[in-house]
Amino acid sequence: MVPKGQQVDVVGLTKTFGALKAVDDLTFSVRPGLVTGFLGPNGSGKTTTLRCVLGLLRPTSGTATIGGVPYARLRDPIGTVGAALEASSFHPGRSARAHLEVMAIGAGVDRGRAGQMLAQVGLTEVAGKRVGGFSLGMRQRLALAAALLGDPEVLLLDEPANGLDPAGIAWLRQFLRALAAEGRTVLISSHVLSEVQQTVDEVVVLSRGRLVRQGTLAELDGGEREVLVRTPEPERLRDALAAASLEVVGTDGSGRLRVAGATTDVVGHAAFEAGVEVHELVAEAGRLERVFLELTEGGHA
Amino acid sequence: MTALLRAELLKILSTRLWWALLIGALAFSAIQSVASAVIAGMEAQPGAPAMPGLDTAEAVRSVYPMAMFTGTYIFAMVLGITGMTGEYRYQTITSTFLVSPRRSRVVVAKILAHGLMGVVYAVLGLLAVLVVGGATMTIRGYGLRLDADRLWVTMGLAVLAVAIWAIVGIGIGTLIRSQVAAIMTGVLITFLVEPLLTYAMAAADLDWLVKWLPSNASSALMAPGSSLVDYLDWWAGGLVLLGYGLVLAALGIVLSVRRDVS
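Top to bottom, those sequences are chains A and B. So the first sequence is residues 1 to 301, counted in the working numbering. So the second sequence is residues 1 to 262, counted in the working numbering.
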């Protein structure tokens, strides 16, 4: 059976804890077949939003639905939504396998799935060990196994890369991309853009409980990129670029020219046409990260 | 519902706490049973009334069901308390409610599972007191006395009483979510507050009130003799105890359903 992804819709969601407005009139949708990044600094309301979607918190106002249905009314909850929350914790005295079996039995899922999921996340060897001795990375893998237990159409993962080593993060990236390619809905939260930048198709950016941007990564970027170019003949290159109506906006710390609103192809071509020697030509890295920081820190000003 | 009940049972059996509590309950029951069999028939001492001899059914009931109940009910209650507070302490309540967002069903499954564990504790406790209490009575030359009046009925009621105390534990665990505070409260109430209240109320001639305390309702269920308290009829004691269990369980359901899980 080909799994059909379900759309997750958050509409006008507000959640207050006493005087604190953790989530403030938040509206966004998460589409099937894509990996969506749920981004924002710590304390911006990501976990609170996910807990509202999962029916663990009661929204102060607004709704959160999966395929149009609130979590509490899903017919097959863990077969529809698999979730791994940041605080999702385990009894330290219970084995990894027993933790999954408790969930499987309660949900009416075949108990053998527990072993299969442990194998899938690479925990077979420690399946019978008590979780109290697990590292953060192993707990993250177990949380992911728990989320996958019901073969869900929607995956909601809170900071899944936390505690994973680089190989683990690379594996997770592949894995989530494959799940999205099957048509499932995948949402992963993170407070570090670079952690998920290579994994996500779309982003939902939160700051102080409010939505500040939803769209593709390219849209977040705004298409505006700077190109850095190093040359022994900067004056000639400036003229050549000006002739191609490209603007040099300055130089960086190591003397490279900064060209605004261009791509490496265009700058390289202009230099070639003018016969200017070029030693280095790169698209500026980290710009997306800066946009992200500006967006999310706007609320702090 | 059966699925959730089985999940709750696996939760209990997949950590080691139930073992530790069971060993405690068996040891306590055995000590209580031997002590009851030894002091039975003692003459009145200054400050202590005469104890009925082992030739009376009353003394035999104190060696078997009453000793088992006294030794086991607090451990069953603690199992119930941790069955609820442990979920919050280790935040496993999150995955529990993700598997079953219909929270009232989860609490009902917990009540059934812990009631069942109470029955298991009580039956094993009865085996323990039958062995050690029976041996002590045999040494004293009275034999096992398994034909004593109302003995088997009382044993059945004692099993029921232990099961209800496990459910009371679930209720306490819902009212007080901190595990340490909940256990302290439960044990303090049963060990200290209730006995003190019983003495104080008896001294103040509040007999009409004292018999409604949960431990005294449990005692009434097993109908032992006590010079201190005028117990309810056994069936009324059972109903009162069941009332405590059900009220606390209902509170548990209502609170769990409404509460935010963060």
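Glycine is no exception: its CB is placed at the ideal position from the N, C-alpha and C atoms.
Outcome for residue i when other beta-carbon atoms lying within 10 angstroms are tallied against a minimum of 16
i: Leu-241 of chain A; result: buried
i: Glu-101 of chain A; result: buried
i: Phe-292 of chain A; result: buried
i: His-300 of chain A; result: Its pLDDT being 46, under 50, His-300 of chain A is placed unreliably in this model, and the value from its coordinates should be taken loosely. The residue in question, His-300 of chain A, is exposed, as its Cβ has fewer than 16 Cβ neighbours within 10 Å.
i: Phe-17 of chain A; result: exposed
i: Gly-255 of chain A; result: exposed
i: Val-261 of chain B; result: buried
i: Pro-49 of chain B; result: exposed
i: Ala-166 of chain B; result: buried
i: Ser-245 of chain A; result: exposed
i: Ser-33 of chain B; result: buried
i: Gly-80 of chain B; result: buried
i: Arg-73 of chain A; result: exposed
i: His-269 of chain A; result: exposed
i: Thr-138 of chain B; result: exposed
i: Phe-272 of chain A; result: exposed
i: His-279 of chain A; result: exposed
i: Thr-263 of chain A; result: exposed
i: Ser-61 of chain A; result: exposed
i: Asn-216 of chain B; result: buried
i: Trp-18 of chain B; result: buried
i: Ile-164 of chain B; result: buried
Residue i and residue j closer than 8 angstroms at C-beta
i: Leu-157 of chain B; j: Leu-197 of chain B; result: no
i: Ala-67 of chain B; j: Ser-104 of chain B; result: no
i: Val-123 of chain B; j: Val-159 of chain B; result: yes
i: Leu-129 of chain B; j: Val-63 of chain B; result: In the sequence on display, residue 129 of chain B carries Val and not Leu. It is a contact, given that the beta carbons lie within the stated cut-off.
i: Ala-161 of chain A; j: Ser-190 of chain A; result: yes
i: Ile-66 of chain A; j: Val-8 of chain A; result: yes
i: Leu-136 of chain A; j: Ala-96 of chain A; result: no
i: Arg-177 of chain B; j: Tyr-88 of chain B; result: yes
i: Val-204 of chain A; j: Gln-214 of chain A; result: yes
i: Pro-92 of chain A; j: Val-121 of chain A; result: no
i: Pro-214 of chain B; j: Thr-154 of chain B; result: no
i: Leu-206 of chain A; j: Leu-20 of chain A; result: no
i: Phe-69 of chain B; j: Ala-161 of chain B; result: yes
i: Glu-43 of chain B; j: Lys-110 of chain B; result: no
i: Val-276 of chain A; j: Val-267 of chain A; result: no
i: Arg-94 of chain A; j: Ser-100 of chain B; result: no
i: Leu-50 of chain A; j: Leu-13 of chain A; result: no
i: Val-227 of chain A; j: Leu-281 of chain A; result: yes
i: Leu-54 of chain B; j: Arg-150 of chain B; result: no
i: Thr-96 of chain B; j: Val-106 of chain B; result: yes
i: Thr-30 of chain A; j: Thr-251 of chain A; result: According to the sequence as given, residue 30 of chain A is Val; it is not Thr. Taking 8 angstroms as the Cβ cut-off, Val-30 of chain A and Thr-251 of chain A do not qualify as a contacting pair.
i: Val-38 of chain B; j: Arg-145 of chain B; result: no
i: Thr-47 of chain A; j: Lys-15 of chain A; result: no
i: Ser-218 of chain B; j: Tyr-73 of chain B; result: yes
Beta carbon proximity, residue i to chain B, threshold 8 angstroms
i: Gly-93 of chain A; result: yes
i: Gly-133 of chain A; result: no
i: Ala-107 of chain A; result: yes
i: Glu-101 of chain A; result: yes
i: Arg-58 of chain A; result: yes
i: Ala-301 of chain A; result: Residue confidence for Ala-301 of chain A is low, a pLDDT of 37 falling below 50, so the modelled location carries little weight and cannot support an answer.
i: Ile-306 of chain A; result: The structure shown has nothing for residue 306 of chain A, since chain A only spans 1 to 301.
i: Phe-90 of chain A; result: yes
i: Ile-66 of chain A; result: no
i: Pro-305 of chain A; result: The question about residue 305 of chain A has no answer, for chain A in this structure spans 1 to 301.
i: Leu-54 of chain A; result: yes
i: Arg-139 of chain A; result: no
i: Ala-146 of chain A; result: yes
is_contact[residue i, chain A] using C-beta, thresh 8 angstroms
i: Arg-61 of chain B; result: no
i: Ala-3 of chain B; result: yes
i: Arg-177 of chain B; result: no
i: Val-261 of chain B; result: yes
i: Ala-263 of chain B; result: Because chain B here runs from 1 to 262, residue 263 of chain B falls outside it and cannot be looked at.
i: Lys-11 of chain B; result: yes
i: Ser-104 of chain B; result: no
i: Thr-15 of chain B; result: yes
i: Ala-7 of chain B; result: yes
Q: Return the chain-ordered ranges of every beta strand (DSSP E) run that is complete within the segment 69-118 of chain A and spans a minimum of 3 residues.
A: 81-84
Q. Which whole runs of the alpha helix (DSSP H) in the segment 92-173 of chain B are 4 residues long or more, in chain order?
A. 93-99, 103-139
Q.
For a minimum of 3 consecutive residues, which ranges assigned as the beta strand (DSSP E) are wholly contained in the segment 180-238 of chain A?
A. Complete beta strand (DSSP E) runs here, min 3: 185-190, 202-207, 210-216, 227-230.
Q) Which residues, in chain order, does the segment 83-101 of chain B contribute to contact with chain A at a C-beta distance below 8 angstroms? A) For the segment 83-101 of chain B, the residues whose beta carbon sits under 8 angstroms from a beta carbon of chain A are, in order, Gly-86, Tyr-90, Gln-91, Thr-92, Thr-94, Ser-95, Thr-96, Phe-97, Leu-98, Val-99, Ser-100, Pro-101.
Q: With a floor of 4 residues, list each alpha helix (DSSP H) that falls wholly inside the segment 39-68 of chain B, ordered by position along the chain.
A: 57-63
Q) What residues in the segment 155-173 of chain A bring their beta carbon closer than 7 angstroms to a beta carbon of chain B? A) none
Q: Starting from the N-terminal side, write out each stretch of the alpha helix (DSSP H) that is 4 residues or longer and does not extend beyond the segment 117-168 of chain A.
A: 136-148
Q) What residue ranges within the segment 16-56 of chain A form continuous beta strand (DSSP E) runs of no fewer than 3 residues, ordered along the chain? A) 20-30, 35-39
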